[in-house]
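The structure appears right after this line, and notes come after that.
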Amino acid sequence: MSVYSSVYCLSGITDTRNYYIGSASNTVNRIGQHRDCLFGNRQKESVHIRLLESFNASDLTWCLFYTMTNYSKTALSVLPSSYELSFGEMKILRAITEFVPRILEQSLITERRRHLL
């Protein structure tokens, strides 16, 4: 499964008027973390408490607004195995991977503020 960064939405299956917008540098892992929190396999964050006040966990769904490259994972997959990324190079790649989704996430939050949980 490919690893990508994204901006995503969690909402009710039948009620899409209220939702949570988030971003992740590894979408599959982050959605898995949300699922584990919502179903009680992990400590809930404030977003999960707000979602569960409005929806049953089994009635939640998610969708992607944007997907983007995970630059650190891409670099590791395309560089020759003999090349080892320095700590600084990896830090820069991770920062770039996180920057774009966070900007897009914030723009969506600002635009849709009245519908957010």
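Its first residue numbered 234, the sequence shown is counted upward by one per residue in the working numbering. Yeah, the Cβ is synthetic: ideal placement off N, Cα and C, and Gly gets one too.
Under the rule that a run must span 3 or more residues, the beta strand (DSSP E) segments found entirely inside the stretch 234 to 260 read 237 to 245 and 252 to 257.
The residue from Thr307, Leu243 and Val236 with its alpha-carbon nearest to that of Leu326 is Thr307. Within the stretch 285 to 346, the complete alpha helix (DSSP H) runs of at least 4 residues fall at 304 to 311 and 320 to 344. Apart from sequence neighbours up to five positions away, no residue of its chain approaches Tyr316 with a beta-carbon distance below 7 Å. The three-state reading of DSSP puts Arg283 in helix, counting H, G and I together. Taking 8 Å as the cut-off, the Cβ atoms of Ser305 and Thr330 count as close. Close CB contacts of Thr302 within its chain, under the 8 Å cut and outside five residues either way in sequence, are with Tyr237, Ser238 and Thr330 (chain order). Looking only at Ile246, Gly255 and Thr249, the smallest Cα-Cα distance to Val333 is reached by Gly255. Burial is judged here by how many other beta carbons sit within 10 angstroms of a residue's own beta carbon; Thr294 has fewer than 16 and is exposed.
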